[in-house]
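A short write-up of the structure that comes next.
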Amino acid sequence: MEKDNQFPQWEVFIQIKNGTPHEHAGSVHASDKKMALQNARDIYTRRNEGRSLWVVKTDDIAATSAEEEAEFFDPAEDKIYRTPNFYKMPKGSTNI
Amino acid sequence: MNEEQKLNQFQARIDADEKIEPRDWMPDGYRKTLIRQMSQHAHSEVIGMQPEGNWVLRAPSLRAKKILLAKIQDEGGHGLYLYSATETLGIDRTEMIEQLQQGNAKYSSVFNYPTLNWADIGAIGWLVDGAAIVNQTMLAKCSYGPYSRAMLRICKEEGFHQRQGYEIMGKMMTGTQAQREMAQDAMNRWWWPALMMFGPHDSESAHSQESMKWKIKVESNDKLRQRFVNRTVEQAHHIGLTVPDPLLSYNKETLNWSFGPINWDEFWSIVKGNGPCNEQRMSHHIKYHNEGAWVREAALAFEENLTKKQTVSI
Chain A
142 MEKDNQFPQW EVFIQIKNGT PHEHAGSVHA SDKKMALQNA RDIYTRRNEG
192 RSLWVVKTDD IAATSAEEEA EFFDPAEDKI YRTPNFYKMP KGSTNI
Chain B
3 MNEEQKLNQF QARIDADEKI EPRDWMPDGY RKTLIRQMSQ HAHSEVIGMQ
53 PEGNWVLRAP SLRAKKILLA KIQDEGGHGL YLYSATETLG IDRTEMIEQL
103 QQGNAKYSSV FNYPTLNWAD IGAIGWLVDG AAIVNQTMLA KCSYGPYSRA
153 MLRICKEEGF HQRQGYEIMG KMMTGTQAQR EMAQDAMNRW WWPALMMFGP
203 HDSESAHSQE SMKWKIKVES NDKLRQRFVN RTVEQAHHIG LTVPDPLLSY
253 NKETLNWSFG PINWDEFWSI VKGNGPCNEQ RMSHHIKYHN EGAWVREAAL
303 AFEENLTKKQ TVSI
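Here the protein sequences line up with chains A and B, keeping their order.
Under the numbering used here, the first residue of the first sequence carries the number 142, and numbering increases by one thereafter.
Under the numbering used here, the first residue of the second sequence carries the number 3, and numbering increases by one thereafter.
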């Protein structure tokens with residue numbers, strides 16, 4: 142018999158309640174989208190933890206790596222003028 | 003950066019209580035220890051369904067059967083969370099299952115004892131899941147992010163497992179003489195195996211030191227075992243059960259229940275495969291795994307057809 146097949150891996154994102162973002166919960170194995178959603182429901186939301194699920198094939202996710210973290214994110218480092226606290230407000234001004 | 007610098011930086015992150023994530027650099031030993039421990043944990047959840055499954059068709063009421071089914075489904079789910087968390091370390095589930103079936107990966111020895119009567123279902127929930135919760139609450143603080151997150155989820159769900167077990171025991175202890183004897187018999191058989199679940203004494207534990215340094219474990223086997231004993235002895239007495247240990251006594255100075263020696267010969271004998279159910283557990287797993295092969299093939303063939311037609315919708 143050829144190597145046992147456990148199906149492709151999918152990453153699972155759960156929206157816990159209305160208005161909140163979908164958050165990563167873990168992964169499942171499934172042969173197609175429908176099975177991936179059903180498995181995700183059975184594995185990650187047995188106690189009503191979700192109201193919406195996303196699944197996406199793990200292979201289709203592009204991610205940064207820890208090694209390139211510093212280099213990748215450093216363009217943002219010297220731009221503190223993007224935050225409100227960088228600015229000095231005229232003395233005595235309020236509601237700003 | 004050379005290896006030594008990387009290692010130092012890694013240790014500094016651990017010491018600062020940072021979580022290590024899948025794509026971060028980690029020493030080979032850290033990865034290997036986690037794969038061994040997490041896959042063993044996953045296998046334990048999956049094999050742990052068998053002793054309980056033995057009683058689904060003989061549960062004494064519809065309520066009891068629904069609860070038992072839900073608990074077993076949780077164990078399956080916990081196995082899958084843990085396989086999923088282990089896969090983040092670069093091993094796939096197929097390989098983990100092969101290791102289990104070929105005897106190269108272990109599962110918790112406690113599941114190699116048989117479930118002889120209904121009270122065993124109570125004793126497993128209360129004692130075995132109770133011990134597992136003590137251990138898993140500690141593991142939720144471990145340094146590897148995906149393992150820690152899986153443990154948090156599992157601990158949240160397992161509260162019900164322990165409570166339903168204690169409920170069964172409490173109910174039987176207020177029943178007939180025969181029911182009380184049955185509960186005590188289950189207590190006698192499961193008490194020591196539950197204590198063994200925490201593993202060898204700290205002085206004998208092969209992997210402990212390194213695991214503590216890397217915060218894969220944050221408390222020692224003996225400390226966790228003592229915590230479990232302290233909690234559980236009082237619960238036993240509360241419902242009139244006797245703890246099967248003539249040396250059990252309360253130490254007013256340490257505020258601990260001290261207990262007699264654990265039979266480590268029995269423990270190691272079961273680890274080596276000579277427990278009452280080792281063979282049955284593995285042959286059952288292999289049989290149903292193989293019998294499900296056609297379902298997996300059919301699901302893949304179905305997916306290929308879907309892709310051809312390009313009409314995927316749910």
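Every residue, glycine too, gets a C-beta built ideally from N, C-alpha and C.
Quick caveat: nothing in here was measured; it's all calculated off a predicted structure.
Exposure of B/Y252 is indicated by the presence of fewer than 16 other C-beta atoms within 10 angstroms of its C-beta. Under DSSP, no beta-bridge partner is assigned to B/L308.
The C-beta of A/H170 comes closer than 8 Å to at least one C-beta of chain B. For B/D76, the number of other beta carbons within 10 angstroms of its own is at least 16, and it is reported as buried. In this structure B/L36 touches B/I218 by the C-beta definition: roughly 6 Å separates them, less than 8 Å. Proximity of B/L82 to chain A, defined by a Cβ-Cβ separation below 8 Å, is satisfied. Contact annotation for A/D201 against chain B: no contact, minimum CB-CB distance about 14 Å [criterion: below 9 Å]. Contact with chain A is absent for B/G147, since none of that chain's Cβ atoms lies less than 8 Å from the residue's Cβ. Interface residue (Cβ-Cβ distance to chain B less than 8 Å): A/Q147 is classified as such. Put simply, the CB of B/R191 is far from chain A, with every gap to its CB atoms at 8 Å or more.
Annotated three-state conformation of B/W259 is strand, per DSSP.
Going by DSSP, B/F230 is part of the alpha helix (DSSP H) stretching over N223 to H240. Judged by their CB atoms, B/W194 and B/I264 are nearer to each other than the 8 Å cut-off. The criterion of a C-beta distance shorter than 8 Å is satisfied by B/G132 and B/F230. Restricting attention to B/A185, B/H80 and B/Q138, the CA atom closest to the CA of B/T117 is found in B/A185. Of all residues in the region 77 to 105 of chain B, those with a C-beta nearer than 9 Å to a C-beta of chain A are G78, G79, L82, Y83, Y85, S86, A87, E89, T90, D94, R95, T96, I99 and E100, reading in chain order. In this structure the region 219 to 226 of chain B touches the region 140 to 148 of chain B; the number of beta carbon pairs closer than 8 Å is three or more. The straight-line gap separating the alpha-carbon atoms of A/T199 and B/P24 is approximately 13 Å. With respect to the 8 Å criterion, B/S46 and B/S110 are classified as neighbours on the basis of their beta carbons. Of all C-beta pairs linking the region 169 to 178 of chain A to the region 190 to 206 of chain A, three or more are shorter than 8 Å, placing the two stretches in contact. E23, R25, D26 and W27: these are the residues of the region 5 to 31 of chain B whose beta carbon lies less than 8 Å from some beta carbon of chain A, given in chain order.
In the three-state scheme derived from DSSP, where H, G and I count as helix and E and B as strand, A/G167 is classed as strand. Interface residue (Cβ-Cβ distance to chain A less than 8 Å): B/A107 is not classified as such. Beta-bridge pairing by DSSP links B/S205 to no other residue. Within the same chain, Cβ atoms closer than 8 Å to the Cβ of B/N280 are found at N114 and I272, the five residues on either side in sequence being excluded. Under the Cβ criterion (8 Å, minimum of three pairs), the region 295 to 308 of chain B does not count as touching the region 230 to 241 of chain B.
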